[in-house]
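Working notes, beginning with the structure itself.
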Amino acid sequence: MQVETNPDVSWVVELGAVEERLGRAAVVEASGERRLFQHLARQHRAEGRTNYIEIDAPLELYALARLLTPLHVVEVGVSSGVSSAYLLQALDRNGKGTLHSIDLPKLPSPRPAGTQSTDASWSIPAGRQSGWAVPFALRKRWDLRLGNKRDLLPLFGKELPRIDLFVYDVPHDDAESWKEFRGLSPLLHPGGVAIADHGPGGGLCLALRKWARQHHAAPARRAGLGLYGFRCR
Ligand SMILES: C[S@@+](CC[C@H](N)C(=O)[O-])C[C@H]1O[C@@H](n2cnc3c(N)ncnc32)[C@H](O)[C@@H]1O
-13 MQVETNPDVS
-3 WVVELGAVEE
7 RLGRAAVVEA
17 SGERRLFQHL
27 ARQHRAEGRT
37 NYIEIDAPLE
47 LYALARLLTP
57 LHVVEVGVSS
67 GVSSAYLLQA
77 LDRNGKGTLH
87 SIDLPKLPSP
97 RPAGTQSTDA
107 SWSIPAGRQS
117 GWAVPFALRK
127 RWDLRLGNKR
137 DLLPLFGKEL
147 PRIDLFVYDV
157 PHDDAESWKE
167 FRGLSPLLHP
177 GGVAIADHGP
187 GGGLCLALRK
197 WARQHHAAPA
207 RRAGLGLYGF
217 RCR
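Structural data, given as structure tokens:
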């Protein structure tokens, strides 16, 4: 776990459509969630992981969830649960809202005793499940579904009345993502926010660009990261 040292307040202000002082206050509140950070760091240490994959902007996600007071947050890509935990903490503070998460867990490969692990940094430690680091106390607002986004995302299109905040932190390709985004379009409404991560230094994908255009918006980049989001008009 890395402490996020330089959160992008302007990005929060733009996506949240709030005054600077409100955006800043939400980010400051997120930075103050030290018990949550310490819990996650402790869980990671207990599994002996130093380079576990996680979103690079958990504080901005928290701040947006506080400012938008969403009823339905959809997240794709959970891994150990860093982004999920920050979103759930914000919903808990709001006193309302559900986080609907999808993850296809990467299981660790069996290896002979005494040999070095070659598992990906997002693989699940033995005996654990996606979101394993999330505090139990925060799970009451969590609808976690395990499986391929290709199969599970379309179900949200039928089950949820709306999506207020969408976070897509998963390897993706344009054709498949566009199909998924298009299917969820009727659930996005003016003021709803959609975010996709494209990896460190990654460029904006065509699918998110098209989705933003469909909702009369332009994607904004989180400074220094391959993370883009738009606010529907
Ligand atoms: C970058 S990690 C998510 C990190 C997480 N958001 C965080 O901040 O801790 C991507 C996750 O997506 C999962 N994944 C990969 N392909 C997937 C798919 N087709 N459907 C659902 N999840 C998938 C991976 O196993 C991994 O857990």
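The letter at position 227 of the sequence shown is residue 213 when you use our numbering, and the numbering goes up by one with no holes. C-beta: ideal position from N, C-alpha, C; glycine also. This one's a predicted model, so the numbers in the text were calculated from it and none came from an experiment.
Query                                                                                                                                           : Result
Under 8 Å, do C218 and G178 count as touching if we go by C-beta distance?                                                                      : yes
Classify Y214 as helix, strand or coil using the three-state DSSP reduction.                                                                    : strand
Can you give me the start and stop residues for the alpha helix (DSSP H) that L170 sits inside?                                                 : D160 to L170
Going by alpha carbons, who is nearest to W118 out of S66, A112, L124 and I149?                                                                 : S66
For Y38, write down the residues that DSSP places opposite it in a beta bridge.                                                                 : Answer is none; Y38 lacks a bridge partner.
Tell me the DSSP secondary structure of L124 in three-state form.                                                                               : helix
Select from M(-13), A3 and T(-9) the residue whose C-alpha is nearest the C-alpha of A203.                                                      : A3
Exposed or buried, D150, counting other C-beta atoms within 10 Å across all chains shown (16 or more means buried)?                             : buried
Apart from the five residues just before and just after A180, which ones in its own chain have a Cβ nearer than 7 Å to its Cβ?                  : F152, L174, W197, G215 and F216
If I measure Cβ to Cβ from H86 and keep anything under 6 Å in the same chain, skipping five residues before and after, which residues do I get? : V60 and D129
Using CA coordinates, which residue listed in V13, Y72, D42 and P94 is at the minimum distance from H184?                                       : D42
Using only the alpha-carbon positions, how far apart do L45 and Q24 sit?                                                                        : 14 Å
Would you mind stating whether L93 and I110 have Cβ atoms separated by less than 8 Å?                                                           : yes
G9 and A71 - do their beta-carbons sit closer together than 8 Å?                                                                                : no
Does the Cβ of K92 lie closer than 7 Å to at least one heavy atom of ligand 1?                                                                  : yes
Is the beta carbon of S66 within less than 7 Å of some heavy atom of ligand 1?                                                                  : yes
Within a Cβ cutoff of 8 Å, which residues of the same chain sit near F142, ignoring the five residues on either side of it in sequence?         : V60, H86, I149, L170 and L173
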